Amino acid sequence: MGLLRSLLSTYRFGFTMTAKTHGQDAHTPLSKLQTGMFTLRLNFLPRITFLIVFSIIMSVPFWWMLSTSLKAEYQVLLFPPRWFPIPIKWQNYPDVFIKAPFVVWFGNTLFITVVSLVGTLFSASLVAYGFARIQFWGRNVLFILVLSTMMLPDVVTLIPTFILFSRLDWIDTFLPLIVPVFFGGSAFFIFLIRQYFTTIPFDLEEAAFIDGASTFTVFWRIILPLAKPVLGTVGLFSFLGNWNDFMRPMIYLNSPEKKTLAVGLRYFQSQWGTEWALMMAAATIMIVPVLIVFFFTQRFFVKGIALSGLGGR
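If you want it as structure tokens, here you go:
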């Protein structure tokens, strides 16, 4: 949507500049330049149209979710479907908290997500700094081995990790969901941060070392503050991944009071049917924190992805 707004503002600016010079000689250099700008803006019209149509298509599932969350249960499966609920049933949202321990699930999800986010940012940035800045024997080989783990599906390691956590007596606790991220986190996050670190000039570190700073001081007080864009990107990915995670909480958490939101949504499903209105109301509540986090970090997301592709040393 930010790209769409920028394209629209650029088009309006070009159209206004051309309209103001409508009475000028068409053969003057300024008029030719403005005519070319207007033509360039017109070339953006198909793209703008495509973005508008694509945005509408992508928003349909969200509108359907919101609309269903405000319907009575008998209206959900009507055909043809009603896109606007009449009457609006606001009671579905309080019923979510009445019929299920939704607040407890929300707290569990928030705790796991925040702790995992902190662990991911700290451990992945430490590992990435070692690969990007510290010279040691076999660094490139080890980095390739780390990247190769991205080719392994998560389900391949599911049984071995479950056996490990079972022997550690960690089943039905939050530890299997939190502890692993403090030991490097995801290989993709390490790669992303490492690529960004290679774009930071070495002169900054050399000046700090001359002043007597240690390696960790340089990492903590110089490198990390300069890496806010990529850290914001990794933080957003980590937040989304942990907030929406279903498989791991489903496997490791057995007690109802320890479930997360993604697993708790199944509470509204049973062998006798599904309470679609309540499920959509719960899903709407669940998606609100994700939207808030995304809108606050989208500028870091775009900048971090763009700059992480520039490094390659």
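In terms of my numbering, the sequence shown has 225 at position 211, counting the first letter as 1, and numbering is strictly consecutive. Yeah, the Cβ is synthetic: ideal placement off N, Cα and C, and Gly gets one too. As the structure is a computational prediction, the values presented were derived from the model and not from experiment.
1. Would you kindly report the start and end of the unbroken alpha helix (DSSP H) that includes residue 110?
2. Which residue's Cα is closest to the Cα of residue 212: 191, 146, 308, 289?
3. Would residue 210 and residue 244 qualify as a contact pair, given that the criterion is a beta-carbon distance under 7 Å?
4. Rounding to the nearest angstrom, what Cα-Cα distance links residue 133 and residue 262 in this structure?
5. Can you tell me where the alpha helix (DSSP H) with residue 159 in it begins and where it stops?
6. Report the residue from 185, 88, 200, 108 whose alpha carbon sits nearest the alpha carbon of residue 140.
7. Below 6 Å CB to CB, which residues in the same chain sit around residue 299 once its five sequence neighbours on both sides are set aside?
8. In angstroms with no decimal places, state the Cα-to-Cα distance between residue 251 and residue 196.
9. Going by DSSP, which residues form a beta bridge with residue 283?
10. What is the DSSP secondary structure of residue 103, counted as helix, strand or coil?
11. Hey, is the stretch 76-87 in contact with the stretch 98-106, meaning 3+ C-beta pairs nearer than 8 Å?
12. Rounded to whole angstroms, what is the Cα-Cα separation between residue 68 and residue 264?
13. Residue 81 lies in the alpha helix (DSSP H); which residues open and close that run?
14. Quick one: residues in its chain with C-beta nearer than 7 Å to the C-beta of residue 328, no 5 flanking neighbours on either side, listed in chain order?
15. Quick one: what's got a C-beta closer than 6 Å to residue 268's C-beta in the same chain, skipping five residues either side?
16. Do residue 237 and residue 222 have their C-beta atoms closer together than 7 Å?
17. Rounded to whole angstroms, what is the Cα-Cα separation between residue 148 and residue 59?
18. Take the Cβ of residue 74 as the centre, count every other Cβ of all protein chains shown within 10 Å, and call the residue buried at 16 or more, exposed below.
19. Would you decide whether residue 180 is buried or exposed? Buried here means 16 or more other CB atoms lie within 10 Å of its CB.
20. Taking the straight line between their C-alpha atoms, what separation do you get for residue 270 and residue 296?
21. With a threshold of 16 other CB atoms inside 10 Å of the CB of residue 277, please say whether the residue is buried or exposed.
22. Could you tell me whether the Cβ atoms of residue 138 and residue 203 are closer together than 7 Å?
23. Tell me whether residue 165 is buried or exposed, calling it buried when 16 or more other Cβ atoms sit within 10 Å of its Cβ.
24. Do you know offhand how far residue 61's Cα is from residue 206's?
25. From residue 284 to residue 293, what distance separates their C-alpha atoms?
26. On the three-state DSSP scale, how would you describe residue 185?
27. If contacts are defined as beta-carbon pairs under 8 Å, then residue 248 and residue 135 qualify, I think. What distance do you get, rounded to the angstrom?
28. Can you check whether the CB of residue 224 is closer than 7 Å to the CB of residue 240?
29. What residue does the alpha helix (DSSP H) around residue 119 start on, and which one ends it?
Reading from the atomic positions:
1. Translated into positions along the sequence shown, residue 110 becomes position 96. Counting along the chain, the alpha helix (DSSP H) containing residue 110 begins and ends at 106-113.
2. To locate residue 212, count along the sequence shown from 1; it is residue 198. Per the Cα distances, 146.
3. Along the sequence shown, read from residue 1 onward, the residue named residue 210 stands at position 196. Along the sequence shown, read from residue 1 onward, the residue named residue 244 stands at position 230. Closer than 7 Å, so yes.
4. Residue mapping note: residue 133 aligns to position 119 of the sequence shown, counting from 1. Residue mapping note: residue 262 aligns to position 248 of the sequence shown, counting from 1. Each residue's alpha carbon lies about 17 Å from the other.
5. Position 145 of the sequence shown, counted from the first residue, corresponds to residue 159. Its alpha helix (DSSP H) spans residues 153-162.
6. Locating residue 140 in the sequence shown gives position 126, counting from the first residue. Minimum Cα distance to residue 140 is reached at 200.
7. Position 285 of the sequence shown, counted from the first residue, corresponds to residue 299. So the list is empty, once near-sequence residues are dropped.
8. Looking up residue 251 in the sequence shown gives position 237. Looking up residue 196 in the sequence shown gives position 182. Rounded to the nearest angstrom, the two C-alpha atoms are 16 Å apart.
9. Locating residue 283 in the sequence shown gives position 269, counting from the first residue. Beta-bridge pairing links residue 283 to 288.
10. For the purposes of this step, residue 103 is taken as residue 89 along the sequence shown, with counting starting at 1. If DSSP states are grouped into helix, strand and coil, residue 103 belongs with coil.
11. yes
12. For this step, residue 68 is matched to residue 54 along the sequence shown. For this step, residue 264 is matched to residue 250 along the sequence shown. If you take the alpha carbons of residue 68 and residue 264, they lie about 34 Å apart.
13. Translated into the one-based positions of the sequence shown, residue 81 becomes position 67. Unbroken alpha helix (DSSP H) run through residue 81: 59-83.
14. The chain is shown only over 15 to 327; residue 328 falls outside these bounds and no answer can be derived.
15. On the sequence shown, residue 268 is found 254 positions in, with the first residue counted as 1. Closer than 6 Å at Cβ, skipping near neighbours: 186.
16. For this step, residue 237 is matched to residue 223 along the sequence shown. For this step, residue 222 is matched to residue 208 along the sequence shown. Cβ atoms of residue 237 and residue 222: not closer than 7 Å.
17. To locate residue 148, count along the sequence shown from 1; it is residue 134. To locate residue 59, count along the sequence shown from 1; it is residue 45. Those two C-alpha atoms are separated by around 49 Å.
18. Looking up residue 74 in the sequence shown gives position 60. Exposed: under 16 other Cβ atoms inside 10 Å.
19. Translated into positions along the sequence shown, residue 180 becomes position 166. Classification of residue 180: exposed, given that the 10 Å Cβ count is below 16.
20. Residue 270 sits at position 256 when you count from the first residue of the sequence shown. Residue 296 sits at position 282 when you count from the first residue of the sequence shown. Going from the Cα of residue 270 to the Cα of residue 296 covers about 16 Å.
21. One-based indexing of the sequence shown puts residue 277 at position 263. It counts as buried.
22. The residue you call residue 138 lines up with position 124 of the sequence shown. The residue you call residue 203 lines up with position 189 of the sequence shown. Cβ distance < 7 Å, so residue 138 and residue 203 count as in contact.
23. Counting from 1 along the sequence shown, the entry for residue 165 is found at position 151. Exposed, since its Cβ has fewer than 16 Cβ neighbours within 10 Å.
24. Locating residue 61 in the sequence shown gives position 47, where the first residue counts as 1. Locating residue 206 in the sequence shown gives position 192, where the first residue counts as 1. Roughly 30 Å between the two C-alpha positions.
25. If you number the sequence shown from 1, residue 284 lands on position 270. If you number the sequence shown from 1, residue 293 lands on position 279. Answer to the nearest angstrom: the Cα atoms are 12 Å apart.
26. Counting from 1 along the sequence shown, the entry for residue 185 is found at position 171. In the structure shown, residue 185 sits in coil (DSSP, three-state: anything other than H, G, I, E or B).
27. Mapped onto the sequence shown, residue 248 falls at position 234. Mapped onto the sequence shown, residue 135 falls at position 121. Yes, residue 248 and residue 135 are in contact; Cβ-Cβ is about 6 Å, under 8 Å.
28. Position 226 of the sequence shown, counted from the first residue, corresponds to residue 240. Position 210 of the sequence shown, counted from the first residue, corresponds to residue 224. No; because the gap between Cβ atoms is not below 7 Å, this pair is not in contact.
29. By 1-based counting over the sequence shown, the position of residue 119 is 105. Residue 119 -> alpha helix (DSSP H) spans 116-147.
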